[in-house]
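Structure, as structure tokens:
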Amino acid sequence: MRALIAVLFVAISGGPALAETPAKCRVAESQLENSFPLPVVEKAIAAKNLTVLVAGSGSSQLPGQNGAARAYPARLEHALSQKLPGVTVKVTTDVKSGRTARDMLPSLKASLAEQKPTLLVWQTGTVDAVRIASPDEYSEALTKGVDAAKGQGSDVVLMNMQYSPRTESMIALGNYAESMRWVALQNEIPLFDRFHVMKLWNELGTFDLYSDTKKMDTAERVHDCIGWLLADLIIGAAQPGGATPPIDVK
Amino acid sequence: MKEARITAPLTAPHLAAERDLRLDLFRGIALWLIFLDHIPSNVVNWVTLRNYGFSDATEIFVFISGYTAAFVYGRAMRERGFVVAAARVLKRTWQIYVAHIFLFAIYLAEISYVAQSFDNPLYGEEMGILDFLKQPDVTIMQALLLKFKPVNMDVLPLYIVLLGFFPPVLWLLIRNASLALIVSGILYALMWKFGWNFPAYPDGHWAFNPLAWQLLFVLGAWFALGGAQRLSRFVTSRVTVALAVVYLLLCLGVVMTWYFPRLAFLVPRVLAEVIYPIDKTNLDVLRLLHFLALAVIVVNLVPRQWQGINSWVFRPAIVCGQHSLEIFCFGVFLSFAAHFVLTEISSRVPAQILCSAAGVLIMVAAAEVLAWYKKIDRKGSGPRSPLAQADLAGGGG
Chain A
-2 MRALIAVLFV AISGGPALAE TPAKCRVAES QLENSFPLPV VEKAIAAKNL TVLVAGSGSS
58 QLPGQNGAAR AYPARLEHAL SQKLPGVTVK VTTDVKSGRT ARDMLPSLKA SLAEQKPTLL
118 VWQTGTVDAV RIASPDEYSE ALTKGVDAAK GQGSDVVLMN MQYSPRTESM IALGNYAESM
178 RWVALQNEIP LFDRFHVMKL WNELGTFDLY SDTKKMDTAE RVHDCIGWLL ADLIIGAAQP
238 GGATPPIDVK
Chain B
297 MKEARITAPL TAPHLAAERD LRLDLFRGIA LWLIFLDHIP SNVVNWVTLR NYGFSDATEI
357 FVFISGYTAA FVYGRAMRER GFVVAAARVL KRTWQIYVAH IFLFAIYLAE ISYVAQSFDN
417 PLYGEEMGIL DFLKQPDVTI MQALLLKFKP VNMDVLPLYI VLLGFFPPVL WLLIRNASLA
477 LIVSGILYAL MWKFGWNFPA YPDGHWAFNP LAWQLLFVLG AWFALGGAQR LSRFVTSRVT
537 VALAVVYLLL CLGVVMTWYF PRLAFLVPRV LAEVIYPIDK TNLDVLRLLH FLALAVIVVN
597 LVPRQWQGIN SWVFRPAIVC GQHSLEIFCF GVFLSFAAHF VLTEISSRVP AQILCSAAGV
657 LIMVAAAEVL AWYKKIDRKG SGPRSPLAQA DLAGGGG
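In the order they appear, the protein sequences are chains A and B. Residue 121 in this note's numbering is what sits at position 124 of the first sequence, and the numbering runs on without skipping anything. To convert a position in the second sequence, counted from 1, into this note's numbering, add 296.
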């Protein structure tokens, strides 16, 4: 009887119990609000084959030997695989530090054309803000990259800057964060608001982002959580009708 | 306050005879708001203007600065001639330049401190902000040339350029105010058409494009030199007030959709494509209109003859507004200090409120000290010169 109930439960809930985002990461779930769907991802999940290209700069990687495996792109692949059993998930990266949005465009376009990913996750803005690049050029580059991805049939998620309490009063992120929000709004694509997610973690004491540690542990856990939450945002937006807020399937 | 004789009759038809305390009041408030906005992640900056509309304290500051500059130096130019007035303007410009370099030194100290104490692997990219320390020869030179302007240090360079070019503008304003305003408007339009701006280091352009913001400065000056009287009927008409209210409400609605993405659908795509991005660098027309609408409401709510302004309640803001250059610089320094306290000691909400309140109090105290200095200086230097009031006015700054 119990077995029957279990089978029924599985049948109703649509599959085996899926991996849950760690509670620690989830405290910032409120920052994932998104009203734009990812139709290409939805189809890819149905077809059991999801490919993601993460394009970014220095904050999409971690230093050291295990850096690549511990940085959020790899953690995203892990989280998506856990949450989407039976779906082949592959995350590739086009990440190199010190690049503005404009700097990234050529290699972004090449990677898109070559890999034709289901989804592009584009992290950019920090270097533009550090170098005080022209906000107009930044918006223009963002629009070009988004157009390139959409033009060849990929969905896009934009990711903004990290919250960095130490340098907050020295780097004016405002203009660039707003430009990104506008580009996301105009193109009706989801924005992963990494800045406010990390800010909330810092405020709640989930992670101490002010610490001047040289050790990797906090950095690795932050990236792990970004991977999980990004997976939540992507899966939420790929629900029929682009459900929001992200649903943690049990 | 002796200088508060606002009911005195107007002596010159095109020039308000007495300093309008409302200017000091609102400039003082603008200085507080700029201070609050410069403290990152501060819960108190929810009270500031930029959260409720397109324009912010910068517009108030630039407009009132244009107004007071024309008020003070316009009188000097009429009474003492072009050369004396121009010399005084340029002396003021130099003072502002020195103040800017002083702020840059404070910034260097702060950033160098962070550089040697911080090496978190999470923030390798953000530490790029320190790269300029590797080549101080280039960056310090670029800072002296006003091309390298770190965060929150954009307003004074704008002000330096605006004042530096002010003598010929003032000359034209006095001869033909409307023509000067038209020339300024044409420059603004050309700037938008051709995308003109000043180059910055290491990349890009000035965050406050002087070719755009000059319009607001000249507009302020135009109002001071008779424009206010010419437009007084229009400004107080019911239609104008109604239009201003409608526009402010619309702006408020649009801004709310930024904070609540669920409401984004309320801004139709067509409208969004027309209005976004609302450009602060080039003083977007929507920002300018927002400021003007705000000004219309304020002028109607607080008429010039209003006696309440002499109340002690407004004294703190007025005294800050009367020493705007010093208090602005002090505010930038205090916002660095407040951020330091918030990150080093506590960043909780009570600490944010405490830091914000303490900062404003310190600004007021500093302004009172400056006022006191001016008082004893004046007593020491014999009878009041005809231009003493100009000094009291903060020299147009």
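Every residue gets a Cβ at the ideal spot worked out from N, C-alpha and C, and that includes glycine. Owing to the predicted nature of the structure, the values given are computational and were not obtained by experimental measurement.
*List, in order along the chain, the chain B residues whose C-beta lies closer than 7 Å to that of A:TYR173?*
As a position in the first sequence, residue 173 of chain A is number 176, starting the count at 1. Correct list: empty, because the minimum Cβ distance to chain B is about 11 Å.
*Starting from B:THR577, find everything on chain A with Cβ-Cβ shorter than 9 Å and list it in chain order.*
As a position in the second sequence, residue 577 of chain B is number 281, starting the count at 1. Those are SER131, PRO132, ASP133, ASN172, listed as they occur along chain A.
_Start-to-end residues for the alpha helix (DSSP H) that takes in B:GLY627_ = Taking the second sequence and counting its residues from 1, one reaches residue 627 of chain B at position 331. From DSSP, the alpha helix (DSSP H) with B:GLY627 extends over 620 to 640.
*asked:* Starting from A:ALA107, trace the alpha helix (DSSP H) in both directions and tell me its first and last residue.
replied: Here the question's residue 107 of chain A lines up with position 110 in the first sequence. Residues 98 to 112.
*Spell out the partners DSSP gives A:ASN46 in its beta bridges.*
Along the first sequence, read from residue 1 onward, the residue named residue 46 of chain A stands at position 49. Answer is A:THR85.
*Would you mind telling me which residues of chain A sit closer than 7 Å to B:GLY516, beta carbon to beta carbon, in chain order?*
Within the second sequence, residue 516 of chain B is the residue found at index 220, counting from 1. Ordered by position in chain A, no residue passes the 7 Å Cβ test against B:GLY516, which lies about 25 Å from the chain.
*Status (buried if at least 16 other CB within 10 Å, exposed otherwise) for B:GLN618*: As a first step, residue 618 of chain B must be located in the second sequence, where it is residue number 322. So B:GLN618 counts as buried.
_Contact list for B:GLU421 against chain A, beta-carbon separation under 7 Å_ = As a first step, residue 421 of chain B must be located in the second sequence, where it is residue number 125. Those are SER54, GLY55, SER56, SER94, THR123, VAL124, listed as they occur along chain A.
_Please state the DSSP three-state secondary structure of A:TRP119._
One-based indexing of the first sequence puts residue 119 of chain A at position 122. The answer is strand: DSSP assigns A:TRP119 an E or B state.
_In chain order, each beta strand (DSSP E) run of at least 3 residues that lies wholly inside the region 128 to 169 of chain A_ = 152 to 156
_Please classify B:ASP320 as buried or exposed, where buried requires at least 16 other C-beta atoms within 10 Å of its C-beta._
On the second sequence, position 24 is the one that residue 320 of chain B refers to. Burial call: buried.
*Along chain B, which residues have their Cβ under 7 Å away from the Cβ of A:TYR69?*
Residue mapping note: residue 69 of chain A aligns to position 72 of the first sequence, counting from 1. Chain B residues near A:TYR69: none, gap ~11 Å exceeds 7 Å.
*Which residues, in chain order, does the region 489 to 518 of chain B contribute to contact with chain A at a C-beta distance below 7 Å?*
ALA496, PRO498, ASP499, GLY500, HIS501
*Can you have a look at A:ILE231 and say buried or exposed, based on whether 16 or more other CB atoms are within 10 angstroms of its CB?*
For the purposes of this step, residue 231 of chain A is taken as residue 234 along the first sequence, with counting starting at 1. Label assigned to A:ILE231: buried.
*So, do the region 378 to 396 of chain B and the region 606 to 625 of chain B have three or more beta carbon pairs nearer to each other than 8 Å?*
yes
*For a contact meaning CB atoms closer than 8 Å, what does B:SER337 contact in chain A?*
For the purposes of this step, residue 337 of chain B is identified with residue 41 of the second sequence, where counting begins at 1. Going along chain A in sequence order, the residues near B:SER337 (Cβ under 8 Å) are PRO162, GLU165, LYS196.
*Mind checking who A:GLY53 pairs with in its DSSP beta bridge?*
Your numbering for residue 53 of chain A matches position 56 in the first sequence. According to DSSP, which records beta bridges pairwise, A:GLY53 is partnered with A:VAL92.
*Would you say B:PHE414 faces chain A, with C-beta separation under 8 Å as the test?*
Working through the second sequence from its first residue, we reach residue 414 of chain B at position 118. At least one chain A Cβ lies under 8 Å of B:PHE414.
_Between the CA atoms of B:ALA411 and B:ARG388 - distance to the nearest angstrom_ = As a first step, residue 388 of chain B must be located in the second sequence, where it is residue number 92. As a first step, residue 411 of chain B must be located in the second sequence, where it is residue number 115. Cα to Cα, the separation comes out at about 35 Å.
*Check whether the region 465 to 477 of chain B touches the region 542 to 560 of chain B, counting contact only when three or more Cβ pairs, one atom from each stretch, lie closer than 8 Å.*
no
*Rounded to whole angstroms, what's the CA-CA distance from B:HIS310 to B:LEU440? Just pull it up for me.*
Taking the first residue of the second sequence as 1, we reach residue 310 of chain B at position 14. Taking the first residue of the second sequence as 1, we reach residue 440 of chain B at position 144. Only weak support exists for where B:HIS310 lies, its pLDDT of 44 falling under 50; the value from the coordinates is given anyway. B:HIS310 and B:LEU440: Cα-Cα distance of roughly 39 Å.
*Coarse secondary structure for A:LEU188, derived from DSSP in three states*: Taking the first sequence and counting its residues from 1, one reaches residue 188 of chain A at position 191. Residue state, collapsed to three classes: strand.
*Since I believe A:PRO132 is in contact with A:TYR173 (beta carbons under 8 Å), could you give me their beta-carbon distance rounded to a whole number of angstroms?*
Mapped onto the first sequence, residue 173 of chain A falls at position 176. Mapped onto the first sequence, residue 132 of chain A falls at position 135. The pair is a contact, with the Cβ atoms about 6 Å apart (cut-off 8 Å).
*Could you pull out every residue in the same chain whose Cβ sits closer than 6 Å to the Cβ of A:VAL154, ignoring the five residues on either side in sequence?*
Counting from one through the first sequence, the residue named residue 154 of chain A turns up at place 157. These residues qualify, in order along the chain: VAL118, PRO187, PHE189.
*Return the first residue and the last residue of the alpha helix (DSSP H) that B:ARG315 is part of.*
Here residue 315 of chain B refers to the residue found at position 19 when the second sequence is read from its first residue. That residue, B:ARG315, is in no alpha helix (DSSP H); it is neither H nor E in DSSP.
*Taking the runs of the alpha helix (DSSP H) that are 4 residues or longer, which of them lie wholly in the region 399 to 464 of chain B?*
432 to 440, 451 to 460
*For B:LEU404 and B:LEU666, the rounded distance between their alpha carbons*: Counted from its first residue, the second sequence places residue 666 of chain B at position 370. Counted from its first residue, the second sequence places residue 404 of chain B at position 108. If you take the alpha carbons of B:LEU666 and B:LEU404, they lie about 26 Å apart.
*asked:* Could you check whether the Cβ of B:HIS586 sits closer than 8 Å to any Cβ belonging to chain A?
replied: Counting from one through the second sequence, the residue named residue 586 of chain B turns up at place 290. False, the Cβ-Cβ gap to chain A never drops below 8 Å.
*Sheet register partners of B:HIS501 (DSSP bridge)*: Taking the second sequence and counting its residues from 1, the one referred to as residue 501 of chain B is at position 205. According to DSSP, which records beta bridges pairwise, B:HIS501 is partnered with B:PRO495.
*Does the distance from the CB of A:ALA234 to the CB of A:ASN31 come in under 8 Å?*
Along the first sequence, one-based indexing puts residue 234 of chain A at 237. Along the first sequence, one-based indexing puts residue 31 of chain A at 34. Closer than 8 Å, so yes.
*Euclidean distance between Cα positions of B:ASN493 and B:TRP342*: For this step, residue 493 of chain B is matched to residue 197 along the second sequence. For this step, residue 342 of chain B is matched to residue 46 along the second sequence. Between B:ASN493 and B:TRP342, the C-alpha separation is close to 31 Å.
_Looking only at its chain, what residues have a beta carbon closer than 8 Å to the beta carbon of B:LEU630, apart from the 5 residues adjacent to it on each side?_
Position 334 of the second sequence holds residue 630 of chain B. For B:LEU630, where only same-chain residues beyond five positions count, the Cβ hits under 8 Å are PHE331, GLY655, ILE658, MET659.
_A:LYS211 (DSSP reduced to helix, strand or coil)_ = Here residue 211 of chain A is taken as the residue at index 214 of the first sequence, counted from 1. Looking at A:LYS211 - three-state DSSP - the assignment turns out to be coil, as it is neither helix nor strand.
*Measuring only between beta-carbons, confirm whether A:ALA66 sits less than 8 Å from chain B.*
Taking the first sequence and counting its residues from 1, the one referred to as residue 66 of chain A is at position 69. It does not; no Cβ of chain B falls within 8 Å.
*Backbone CA spacing between B:VAL541 and A:ALA25 [nearest angstrom]*: Here residue 541 of chain B is taken as the residue at index 245 of the second sequence, counted from 1. Here residue 25 of chain A is taken as the residue at index 28 of the first sequence, counted from 1. So the alpha carbons of these two residues sit roughly 38 Å apart.
*Does DSSP put B:ILE325 in a helix, a strand or coil?*
As a working note, residue 325 of chain B is residue 29 in the second sequence. Here B:ILE325 sits in helix by DSSP.
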